[in-house]
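Each remark here refers to the structure printed beneath this line.
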Ligand code: AMP
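Numbering (the UniProt record's numbering), first residue to last: 1 to 136.
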């Protein structure tokens with residue numbers, strides 16, 4: 001279950017300059033933004049897109065629009081899906097962000113960092129329970 005594990009929604013519109021998207025990533029401490037047209041998810045843009053499609057191609061981040069470099073086929077998950085399932089999807093598809101969609105509406109994003117944190121917390125809780133059991 002992904003409840004409580006999702007990060008805040010950081011969004012941009014397709015017509016915004018890539019510069020604004022990167023600025024938002026910096027302000028919110030995230031590595032990707034969701035591209036929304038109104039309530040509709042139309043793409044995702046991550047630091048990797050910026051590095052490979054702007055910096056390496058020597059394009060300008062102020063005159064390149066988000067829609068020119070975003071990924072439009074966005075893979076999403078539903079809130080009831082497991083942490084393990086999300087990790088499997090990210091590993092297989094080689095990306096680090098998954099928007100969480102409920103009844104057609106985007107309600108959050110999970111990053112690989114959120115998932116690793118959740119796994120570590122689970123393991124710590126198991127360890128604590130074992131230690132209490134041994135000590136009792
Ligand atoms: P990331 O590892 O998240 O920085 O993303 C690596 C590449 O995959 C970039 O081109 C992203 O636009 C793309 N990407 C990231 N997350 C997703 C996703 N959930 N669905 C489809 N593409 C994605």
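Even for Gly, the Cβ is constructed at its ideal location relative to N, Cα and C.
Within the DSSP secondary-structure output, residue 99 pairs in a beta bridge with 109. Annotation for residue 22: 50 place their beta carbon closer than 6 Å to its own, counting only its chain and skipping 5 residues before and after.
Distance check between residue 77 and each of 54, 65, 104 places 104 closest, using alpha-carbon atoms only. In the DSSP secondary-structure assignment, residue 44 is bridged to 34, 71. According to the DSSP assignment, residue 91 belongs to the alpha helix (DSSP H) that extends over 83-93. Judged by the Cβ position, residue 32 qualifies as a neighbour of the ligand AMP at the 7 Å threshold, a heavy atom of the ligand being closer than this. Around the CB of residue 28, fewer than 16 other CB atoms lie within 10 Å, so the residue is classed as exposed.
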